[in-house]
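Asker:
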Amino acid sequence: MCGYVLGVDIKLEIANLEQVTKNGGYIINCMGDDDRKNDKPNELLLKEGFEYSHYISKSGGDVYRYWKKVMKKQ
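Residue numbers (our numbering): 251 to 324.
Next comes the structure, spelled out in structure tokens:
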């Protein structure tokens, strides 16, 4: 689940999303930029445990999709 843009305070936003995501659920972040060139995925999201996929859009930009499975301590 992700209903808004991550980026103002990413760590706090991820913590809030983890809090409201059910155990075993996913946080998914699908960036809308498709004409921007990016050399690499977002390092902060990777450090926070996100996985990613990458493709080149029809506009020629790099598009990264991120997801993280939320596993809560029981």
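Virtual Cβ for every residue (Gly too), placed ideally from N, Cα, C. Note that the coordinates shown come from a computational prediction; the quantities given were computed from them, not determined experimentally.
Could you give the residue range of the alpha helix (DSSP H) that holds K261?
Answerer: In the sequence shown, the residue the question calls residue 261 occupies position 11. Counting along the chain, the alpha helix (DSSP H) containing K261 begins and ends at I260 to V270.
Asker: Excluding the five sequence neighbours on either side, which residues of its own chain have a C-beta within less than 7 Å of the C-beta of L294, listed in chain order?
Answerer: Against the sequence shown, residue 294 aligns to sequence position 44. Excluding residues within five positions, the ones whose Cβ falls inside 7 Å are I260.
Asker: Check E298 in the structure and name its three-state DSSP category.
Answerer: As a first step, residue 298 is located in the sequence shown; it is residue number 48 there, counting from the start. If DSSP states are grouped into helix, strand and coil, E298 belongs with coil.
Asker: Is it buried or exposed, N273, if we count other Cβ atoms within 10 angstroms and call 16 or more buried?
Answerer: Residue mapping note: residue 273 aligns to position 23 of the sequence shown, counting from 1. N273 comes out exposed.
Asker: Mind checking whether G311 and D284 have CB atoms under 8 Å apart?
Answerer: One-based indexing of the sequence shown puts residue 311 at position 61. One-based indexing of the sequence shown puts residue 284 at position 34. Cβ distance < 8 Å, so G311 and D284 count as in contact.
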